[in-house]
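Residues 36 to 534 in the numbering used here are what the sequence shown spells out, letter by letter.
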Amino acid sequence: MDLEGAGHQAIDKICDYLQTLEEGKLVPDVKPGFLREALPDNTPEDGEKFDDIAEDFERLILPGILNWQHPMFFAWFPTAGTYESMLGDLYSSSVSNPGFNWSCSPACTELEAVVMDWSAKLFHLDDVFFNSSRIGGGVMQTTASDSALVAVIAARAKYQRRHPEVPLEKLLIYFTTATHALGVKTGLILGLKCRALQVTAKNNYALQGEEVSAALEEDRAAGFHPFVLIATIGTTYTGAVDRIDEIGPITRNNGLWLHIDAAWAGVALACPEYHEACYLNGINTYADSFCTNFHKWGLVNFDASTLWVRDRSLLTEALDCSPAYLRSKQSDEGTVVDYRNWQLPLGRRFRSVKVWFVLRSYGIEGFRSYLRKGITLAKQFQILVRSDPRFEIVTPPFLALTVFRIRPPSDIQTDRSDADINNTMLNALNRIFHRRLSAKDLFLTSIDLDGIFCIRLAIGSQRTEERHIKKVWDILDSEVEPAVNEWLGSNWGSNTLAD
Numbered sequence: 036m037d038l039e040g041a042g043h044q045a046i047d048k049i050c051d052y053l054q055t056l057e058e059g060k061l062v063p064d065v066k067p068g069f070l071r072e073a074l075p076d077n078t079p080e081d082g083e084k085f086d087d088i089a090e091d092f093e094r095l096i097l098p099g100i101l102n103w104q105h106p107m108f109f110a111w112f113p114t115a116g117t118y119e120s121m122l123g124d125l126y127s128s129s130v131s132n133p134g135f136n137w138s139c140s141p142a143c144t145e146l147e148a149v150v151m152d153w154s155a156k157l158f159h160l161d162d163v164f165f166n167s168s169r170i171g172g173g174v175m176q177t178t179a180s181d182s183a184l185v186a187v188i189a190a191r192a193k194y195q196r197r198h199p200e201v202p203l204e205k206l207l208i209y210f211t212t213a214t215h216a217l218g219v220k221t222g223l224i225l226g227l228k229c230r231a232l233q234v235t236a237k238n239n240y241a242l243q244g245e246e247v248s249a250a251l252e253e254d255r256a257a258g259f260h261p262f263v264l265i266a267t268i269g270t271t272y273t274g275a276v277d278r279i280d281e282i283g284p285i286t287r288n289n290g291l292w293l294h295i296d297a298a299w300a301g302v303a304l305a306c307p308e309y310h311e312a313c314y315l316n317g318i319n320t321y322a323d324s325f326c327t328n329f330h331k332w333g334l335v336n337f338d339a340s341t342l343w344v345r346d347r348s349l350l351t352e353a354l355d356c357s358p359a360y361l362r363s364k365q366s367d368e369g370t371v372v373d374y375r376n377w378q379l380p381l382g383r384r385f386r387s388v389k390v391w392f393v394l395r396s397y398g399i400e401g402f403r404s405y406l407r408k409g410i411t412l413a414k415q416f417q418i419l420v421r422s423d424p425r426f427e428i429v430t431p432p433f434l435a436l437t438v439f440r441i442r443p444p445s446d447i448q449t450d451r452s453d454a455d456i457n458n459t460m461l462n463a464l465n466r467i468f469h470r471r472l473s474a475k476d477l478f479l480t481s482i483d484l485d486g487i488f489c490i491r492l493a494i495g496s497q498r499t500e501e502r503h504i505k506k507v508w509d510i511l512d513s514e515v516e517p518a519v520n521e522w523l524g525s526n527w528g529s530n531t532l533a534d
């Protein structure tokens with residue numbers, strides 16, 4: 036078969052894979068090293084037939100894939116995998132543009148500038164964040180981690196220009212104990228001190244203004260210079276939303292850059308009914324930078340992280356790298372954007388094509404309908420949980436995320452009251468429950484929330500329907516009694532409870 040025919044065959048096989056996804060295994064049944072054992076030690080001396088290579092992809096690679104697009108995948112957060120996005124990615128790959136300046140491919144730069152403005156309008160961001168404003172603007176990054184790193188670099192450069200006497204070892208990055216690992220990683224990469232501000236159940240694990248004010252007073256008294264705060268809309272653990280309305284005035288009045296990481300939840304700003312819950316007014320008033328990922332809940336396949344800045348000059352002054360061989364007549368005249376100065380690497384993928392394909396194919400209403408469907412399914416699940424006394428919701432649900440656990444049924448005969456069944460015992464029970472669920476045809480992740488072991492259910496797969504929520508509930512329901520019986524027979528069993 037020639038490669039043109041192989042291309043047609045590949046599209047057919049990809050369609051077959053996605054259409055039959057639900058029929059296959061969700062979680063791969065493989066052991067570490069399975070692929071090294073199956074593959075030769077060296078590259079072949081002579082080229083092989085493409086048919087054989089494609090066949091090995093199906094035979095060797097697919098069995099080791101965790102199928103994130105499966106309708107019973109509820110772990111972490113969703114990753115998108117729409118046909119529209121994949122085809123856009125294929126088209127963008129065919130033209131192979133490195134995108135380091137306008138002249139190396141004008142369409143690569145200009146489509147991104149337009150698509151980022153489309154997206155800013157979709158999420159109702161303030162006009163200052165539009166590329167057309169020529170003040171702020173938007174750029175595509177690989178992940179929210181890169182977006183945060185770029186924002187902190189810009190924040191550091193701004194602070195150092197204003198305070199050149201402050202040594203680097205005195206600078207301090209703020210984030211919270213619920214911030215994604217990107218906060219810690221940013222500090223490690225830049226060699227800067229970090230402080231994780233404690234968030235607790237008292238405030239539903241959301242950062243409040245008073246915690247920021249107290250930390251500023253304490254750290255400045257100790258000789259440190261906090262210069263940036265990474266706030267979150269939709270934390271990984273619980274979906275908590277930091278109080279941007281309280282934090283914003285404090286960061287602005289104290290000269291801190293406010294970066295808002297809304298990697299998962301930010302796309303919900305497309306729906307007007309969630310503007311208040313996601314603090315849109317606070318974002319538009321106080322955020323120096325804002326990030327959300329289309330590649331999570333936004334129908335675009337990985338990678339497609341979007342970053343907007345209020346003042347593009349602060350970003351480009353921190354990252355400008357323009358030797359003669361990278362400059363162009365258009366950039367010297369200031370008539371175009373050179374996105375290499377908005378990111379860490381020089382080259383970049385033509386990611387905007389796949390976002391463009393998705394936004395045109397779905398339209399604003401189609402995009403909103405997809406988000407609302409996931410939230411509606413989550414509410415249906417929450418009704419089931421609340422209706423059963425064996426279950427409890429641990430933190431307030433947000434959008435399509437639910438954090439829950441089980442409790443021993445009230446008819447268990449022990450010499451202890453329910454209050455005596457302490458948190459350590461409940462954690463042991465829920466670990467057993469989660470382990471049993473992991474052997475079933477669904478995928479859920481767990482978290483340790485201030486010493487409370489919980490289970491997360493995050494809805495977002497394009498293929499998840501109401502029948503899948505019913506199937507999840509049937510599995511949960513069927514595993515409660517076996518989990519409790521196993522728990523009673525373990526070290527936390529009836530003898531322990533009756534002591």
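Glycine included, each C-beta is placed from N, C-alpha and C at the ideal position.
These figures come from a predicted structure and were not determined experimentally.
| query | result |
| --- | --- |
| Residues bridged to Gln417 by DSSP? | Per DSSP, none; premise fails for Gln417. |
| Just tell me which of Phe259, Ala190, Ser182 has its CA closest to the CA of Val201. | Phe259 |
| On the criterion of 16 or more Cβ atoms from any shown chain inside 10 Å, does Thr341 qualify as buried, or is it exposed? | buried |
| Does Glu514 pass the burial test, meaning 16 or more other C-beta atoms within 10 Å, or should it be called exposed? | buried |
| According to DSSP, is Ile170 helix, strand or coil? | coil |
| Let me check understanding here. Comparing Cα to Cα, which of Phe69, Glu72, Phe112, Gly59 lies closest to Leu330? | According to the sequence as given, residue 330 is His; it is not Leu. Per the Cα distances, Phe112. |
| Quick check on this structure: which residue in Thr499, Lys505, Phe164 has the alpha carbon closest to the alpha carbon of Thr114? | Thr499 |
| Is the beta carbon of Ala298 less than 8 angstroms from the beta carbon of Ala179? | yes |
| Are the CB atoms of Ile285 and Gly244 nearer to each other than 8 angstroms? | yes |
| I want to know whether the region 515-525 touches the region 118-130 - three or more CB-CB distances under 8 angstroms. | no |
| Under the DSSP definition of a beta bridge, which residues are partnered with Met175? | Thr341 |
| Classify Leu95 as buried or exposed, calling it buried when 16 or more other Cβ atoms lie within 10 Å of its own Cβ. | exposed |
| So, with DSSP's three-state summary, where would you put Asp483? | strand |
| Among Arg491, Thr270, Asn102, whose alpha-carbon lies nearest the alpha-carbon of Val420? | Arg491 |
| When the Cα of Phe439 is compared with those of Ala192, Gln104, Trp508, which residue comes out closest? | Trp508 |
| Are the region 318-326 and the region 152-171 touching by the rule of at least three beta carbon pairs closer than 8 angstroms? | yes |
| Our contact map puts Leu101 next to Val62 with C-beta atoms below 8 angstroms; I'd like the distance itself, whole angstroms only. | 6 angstroms |
| Name, in chain order, the residues that DSSP records as bridge partners for Ala266. | Ile295 |
| From the DSSP output, in three-state form, read off Leu232 for me. | strand |
| So, at 6 angstroms on beta carbons, what are the nonlocal neighbours of Phe165 in its own chain, with the 5 sequence-adjacent residues on each side left out? | Asp152, Ala155 |
| Are three or more beta carbon pairs between the region 182-197 and the region 289-297 nearer than 8 angstroms? | yes |
| For Phe385, which of helix, strand or coil comes out of DSSP? | coil |
| Just to confirm, are Ile279 and Tyr309 a CB contact at a threshold of 8 angstroms? | no |
| Can you grab the Cα-Cα spacing for the pair Asn239 / Leu436, in whole Å? | 14 angstroms |
| Ignoring anything shorter than 4 residues or poking outside the region 57-111, list the alpha helix (DSSP H) runs there in chain order. | 69-73, 85-91 |
| For Ile318 and Pro79, what's the separation of their Cα atoms in angstroms? | 54 angstroms |
| Going by beta carbon distance, what residues of the same chain come within less than 8 angstroms of Glu39, once the five residues before and after it are set aside? | none |
| What first and last residue would you give for the beta strand (DSSP E) that runs through Leu207? | 206-211 |
| Given Val335, which residues of its chain have a CB within under 7 angstroms of its CB, disregarding the five upstream and five downstream residues? | Ala115, Ser120, Phe329, Lys389, Val390, Val393 |
| Find out if the Cβ-Cβ distance for the pair Met107, Arg386 is shorter than 8 angstroms. | no |
| Are the region 423-434 and the region 461-479 in contact at 8 angstroms, needing three or more beta carbon pairs? | no |
| Please classify Ser182 as buried or exposed, where buried requires at least 16 neighbouring CB atoms within 10 angstroms. | buried |
| Do Leu232 and Ile208 come within 8 angstroms of each other at the CB atom, strictly closer than that value? | no |
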